[in-house]
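A.B. asks:
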Amino acid sequence: MENSVKEAKKIVFNPLKIHPLKYLLKAFHRNPRFYIASIIWSIVSTAVGLLLFFQLQARYSAEQTKTKTLNTQLAKIEKSLKTIKGRDEYKINESLKQQFKDNHDLLQGTILVYEAMVDFPATDKKLVEFKTRFAKILSYLSDTNNSSASSELKKLKEDLETERKAQIASDSVSGIVSAPSLNTPPGSGFSRQAVDVNGNKYLVDIVAGNLGSTRVIVDTATDGDCRDNCPVLSLGEYVARNGAYAGINGSYFCPSDYPSCAGKTNSFDTLVMNKSKKYI
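For the sequence shown, counting from 1, position 148 maps to 146 in the working numbering; every step adds exactly one.
See the structure below:
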């Protein structure tokens, strides 16, 4: 009997000496609800953890697949772009674009040369020659011989500039010769005279007047704003209709014989306010 009690005490106070399964069964019998709840919690936690893991794994795989697909599409696009650039159509378009720019620049240069030629007086001895050469340039352009047209245009532009400078020098010399040499302004009225400055003579036109009795005005052919086909008057007409004794040309306007003035003929490129306080 004593041996049995001692053995029982050993079992109670030394549970680790019992088989684990038997120990669990004994513990379960003592508090079954606690152990059932623990088992359920372990199962649920494990299930939730596995579910989250598989969801993250699936999302990662989807992102990897998406990235791979985008990289494949990008590679295809780059390959297509290289193919397009290598096609004849692309090269032809680039060539046509350059031809269009060259033609545009050549035509703009032609217009500028024509306008420079228009500025020459009809009495100029070389004007007929210039017009003949310009007609030849137009012929080259009509035959799409841009190389010859560009070469001739450059020569004509240089010759026009040389002739213009020669005209200015000639007019200045002839004016100086015929004008009296005076270094003092006139008391009143208009005077054309040669002024000596450091041994060099310059031709000047002077209008002298008493500021106490002389009024300076700005006159325009119209009092309204005008954008195209604007009315014009000669300098003499402006002077006469205002009862003035002198006048000078003012703001530049676009002449009708300039091709670049199409659509804005005789209009002012700068703001003008006339004597009636009207902006033109």
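Each residue gets a CB set at the ideal place from its N, CA and C atoms; glycine is no exception.
#1: Can you give me the Cβ contacts of cysteine 259 inside the same chain, cut-off strictly under 7 Å, excluding the 5 residues immediately before and after it?
#2: Which of the three DSSP states is assigned to arginine 57 in this structure?
#3: What is the DSSP secondary structure of alanine 164, counted as helix, strand or coil?
#4: Can you name, in chain order, every residue of its own chain whose Cβ lies under 8 Å from the Cβ of threonine 220, other than the five neighbours on each side?
#5: Is it right to say glutamine 191 is buried, meaning 16 or more other beta carbons lie within 10 angstroms of its own, or is it exposed?
#6: Indicate the three-state DSSP secondary structure (helix, strand or coil) for glycine 234 in the structure shown.
#7: Closest to valine 216 by CA distance: which of Leu125, Lys275, Gln106 is it?
#8: Among the candidates Glu159, Phe132, Ala167, whose CA atom is the shortest distance from the CA of leucine 151?
#9: Helix, strand or coil: which one does DSSP assign to asparagine 69?
#10: Taking the beta carbon of glutamate 87 as the centre, do at least 16 other beta carbons fall within 10 Å, making it buried, or is it exposed?
#11: Going residue by residue through the stretch 135 to 211, where are the continuous beta strand (DSSP E) segments of at least 3 residues, counting only ones entirely within it?
#12: Give me, in chain order, the residues of the same chain whose beta-carbon lies closer than 8 Å to that of serine 186; leave out the 5 immediate sequence neighbours on both sides.
C.D. replies: Taking the definition as stated:
#1: To locate residue 259, count along the sequence shown from 1; it is residue 261. Correct list, in chain order: Cys252, Pro253.
#2: Within the sequence shown, numbered from 1, the residue matching residue 57 stands at position 59. Helix at arginine 57.
#3: By 1-based counting over the sequence shown, the position of residue 164 is 166. Of the three classes helix, strand and coil, the one that applies to alanine 164 here is helix, per DSSP.
#4: One-based indexing of the sequence shown puts residue 220 at position 222. So the list reads Cys228, Pro229, Ile278, once near-sequence residues are dropped.
#5: Position 193 of the sequence shown holds residue 191. Classification for glutamine 191: buried.
#6: Taking the sequence shown and counting its residues from 1, one reaches residue 234 at position 236. In this structure, glycine 234 counts as helix in the three-state DSSP scheme.
#7: As a working mapping, residue 216 is identified with position 218 in the sequence shown. Residue Lys275 is the option with its Cα nearest to valine 216.
#8: Taking the first residue of the sequence shown as 1, we reach residue 151 at position 153. Closest option to leucine 151, Cα to Cα, is Phe132.
#9: In the sequence shown, the residue the question calls residue 69 occupies position 71. If DSSP states are grouped into helix, strand and coil, asparagine 69 belongs with the helices.
#10: Residue numbering aside, residue 87 sits at position 89 when the sequence shown is read from its first letter. It counts as exposed.
#11: 187 to 195, 198 to 206
#12: As a working note, residue 186 is residue 188 in the sequence shown. Excluding sequence neighbours, serine 186 sits near Ala206, Gly207, Asn208.
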